[in-house]
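Residue numbers (full-length UniProt numbering): 1 to 457.
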């Protein structure tokens, strides 16, 4: 586009500007929350479970897919002499078929790798499968690998849904209570951190590279080749990987959770371990493990004292701050003028309807003879009088017709009202014909209302 040859551009970049070409790493997109979580949990993972000789008792597991296309590798480049054409048979042919493969579970411990676990096809990897077919067999193998030391073992996995489900966490808690097995809590797992998982940054990538030169063409052959290559991972290589795991956790914490895949020393850590040893931190230098102090030496680690000082400073500041008073609940927004008037009118209409209904009820229940106004009776008293009045009338109607008294209705009402009689000095009731000449009080809520000498219906 600019009229300059590619060779000239390369000379300018590499010779004149003295720049090197680096490939950009493909990483997860991180938010501020992810970076804070990575920094905190990577530091905690190192300090509590990886520092010193504690990494020997750490077991990490993960799942990955293996495909037949990983084998029978064909290079995608070729070399020819300048001026010659590419032969017709130097092509990379690909068939459009569904990939043949299966999922495997790999486990790497501080004392070597455990055999791969093959996940059957058409099986959903949920919490039930993870517990029955992965965790239980792995725990049995860990018992043989760490006899009498299960209380020191720490189990690490990523944040897959089958790993963090309540059922899985309950099972691991039972294992902790019975065997003493320690496991990573859901809140302590670094999110979006394949760069802090040995099986992601080394284990499965190494396995796929080694399968490139193998020649199986079926899933059975792929499974056999994968088992053989995985079993060839030596204990010394595992220790190198775990040492790189420690360095990665430190770098993530130092970078405050940001990506570290672009750092050259992260990718060269494996080669540097094979050639030279790395200096141990003060804590690891004083470790009682002779093998760790002689073969694996890590860079001096200054993060932990700094983090402790930061915690002390933050605790002092927190104590110096005045205690905050509880926040009062926010008041609801006031109603508009129109809505307030509408609500008031609706409430007035409702109360008018209730008052009208009580007024009609007062007109049909017995009232005072001496001219007292029934409208002054409380609403609850009116309801009680109506209930008692209806009950007594119902009782009279249900009585048998065998009563031979001259006034059967009045006699029945007189006998039914005996529960309300309290003294002989009260005024008498009259239901319109002077049939009842006894003293009676009708009870209401908490008080007795004395009725006058005559009640009219």
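Quick reminder that beta carbons are idealized off the backbone N, C-alpha and C, glycines included.
Using only alpha-carbon positions, find the residue among 32, 391, 109, 205 that is nearest to residue 155. Nearest of 32, 391, 109, 205 to residue 155, Cα basis: 109.
With 16 as the cutoff for other CB atoms within 10 Å, does residue 41 come out buried or exposed? Result: buried.
Between the CA atoms of residue 382 and residue 361 - distance to the nearest angstrom: Spanning the two alpha carbons is a distance of roughly 8 Å.
What's the C-alpha gap between residue 160 and residue 148? If you take the alpha carbons of residue 160 and residue 148, they lie about 30 Å apart.
Taking the Cβ atom as the reference point for each residue, do residue 193 and residue 62 lie within a distance shorter than 8 Å? Not a contact, by the Cβ cut-off of 8 Å.
Between the Cα of residue 56 and the Cα atoms of 30, 111, 14, which residue gives the shortest distance? Selected option, being the one with the closest Cα: 111.
What does the alpha-carbon distance come out to for the pair residue 457 and residue 393? In this predicted model, residue 457 has a pLDDT of only 40, less than 50, meaning its place in the structure is not dependable; the value taken from the coordinates is given anyway. Cα to Cα, the separation comes out at about 12 Å.
Return helix, strand or coil for residue 390, following the three-state DSSP convention. If DSSP states are grouped into helix, strand and coil, residue 390 belongs with the helices.
With DSSP as the reference, label residue 157 as helix, strand or coil. In this structure, residue 157 counts as coil in the three-state DSSP scheme.
Quick one: give me the first and last residue of the alpha helix (DSSP H) that residue 117 is part of. Element bounds for residue 117: not the alpha helix (DSSP H) but the beta strand (DSSP E), 112-119.
Whole runs of the beta strand (DSSP E) within the segment 46-89, excluding any shorter than 3 residues: List check, beta strand (DSSP E) in window: 58-67.
Buried versus exposed, by CB contacts within 10 Å (16 or more), residue 71: Buried.
Among all the DSSP beta bridges, which residues are the ones paired with residue 103? The partner list for residue 103 (beta bridge, DSSP) reads 65, 119.
Locate the alpha helix (DSSP H) running through residue 144, then write down its first and last residues. Counting along the chain, the alpha helix (DSSP H) containing residue 144 begins and ends at 136-145.
To the nearest angstrom, report how far apart residue 20 and residue 12 are at their CA atoms. If I take the Cα positions, the gap works out to 11 Å.
Got a sec? Which residues, its chain only, sit under 7 Å from residue 377 by beta carbon, not counting five neighbours each side? Its chain contains 362 as the residues whose beta carbon lies nearer than 7 Å to that of residue 377, once the 5 sequence neighbours on both sides are disregarded; these appear in chain order.
Cβ of residue 131 within 8 Å of Cβ of residue 167? Yes; because the gap between Cβ atoms is below 8 Å, this pair is in contact.
Start-to-end residues for the alpha helix (DSSP H) that takes in residue 150: It is not in any alpha helix (DSSP H) - residue 150 carries neither H nor E in the DSSP assignment.
Which residue marks the beginning of the alpha helix (DSSP H) containing residue 133, and which one marks its end? Per DSSP, residue 133 belongs to no alpha helix (DSSP H) and is neither H nor E.
Around the Cβ of residue 249, are there at least 16 other Cβ atoms within 10 angstroms (buried) or fewer (exposed)? By the neighbour-count rule (16 or more Cβ atoms within 10 Å), residue 249 is buried.
Are the Cβ atoms of residue 204 and residue 64 separated by less than 8 Å? For residue 204 and residue 64, yes; Cβs fall inside 8 Å.
Own chain partners of residue 80 with C-beta closer than 7 Å, once the 5 adjacent residues on each side are dropped: Hits under 7 Å: 86.
Please state whether the Cβ-Cβ distance between residue 207 and residue 230 is less than 8 Å. Yes, the Cβ-Cβ distance between residue 207 and residue 230 is below 8 Å.
Touch check for the segment 100-109 and the segment 119-130: three-plus C-beta pairs under 8 Å? Touching, per the Cβ criterion.
Residues bridged to residue 109 (per DSSP): Residue pairing by DSSP places residue 109 opposite 59, 112 in a beta bridge.
Where residue 183 sits in the DSSP three-state scheme: Strand.
Determine, using beta carbons only, whether residue 247 and residue 113 come nearer to each other than 8 Å. Taking C-beta atoms as the reference points, residue 247 and residue 113 fail to come closer than 8 Å.
If you compare alpha carbons, which of 48, 186, 38 is closest to residue 157? When each option's Cα is compared against that of residue 157, the closest is 186.
Own chain residues within Cβ distance below 6 Å of residue 464, not counting five before or after: A question about residue 464 goes unanswered here, because the residues of the chain that appear run from 1 up to 457.
Check residue 363 in the structure and name its three-state DSSP category. Helix, per DSSP.
Could you check the C-alpha separation between residue 389 and residue 338 for me, to the nearest Å? Going from the Cα of residue 389 to the Cα of residue 338 covers about 45 Å.
Assuming residue 39 contacts residue 253 under a Cβ cut-off of 8 Å, what Cβ separation, rounded to an integer in Å, is found between them? 5 Å between Cβ atoms; contact.
Extract the residue ranges of the alpha helix (DSSP H) inside the segment 172-230, only unbroken runs of 4 or more that lie entirely within it. Runs of the alpha helix (DSSP H) inside the segment 172-230: 204-211.
Taking the alpha carbon of residue 31 as the reference point, which residue from 261, 50, 191 has its own alpha carbon closest? Looking at 261, 50, 191, the one whose alpha-carbon comes closest to that of residue 31 is 191.
According to the neighbour-count rule (16 or more other Cβ atoms, all chains shown, within 10 Å of its Cβ), is residue 47 buried or exposed? Residue 47 should be labelled buried.
Could you check which residue in 211, 78, 236, 356 has the C-alpha nearest to that of residue 226? It is 211.
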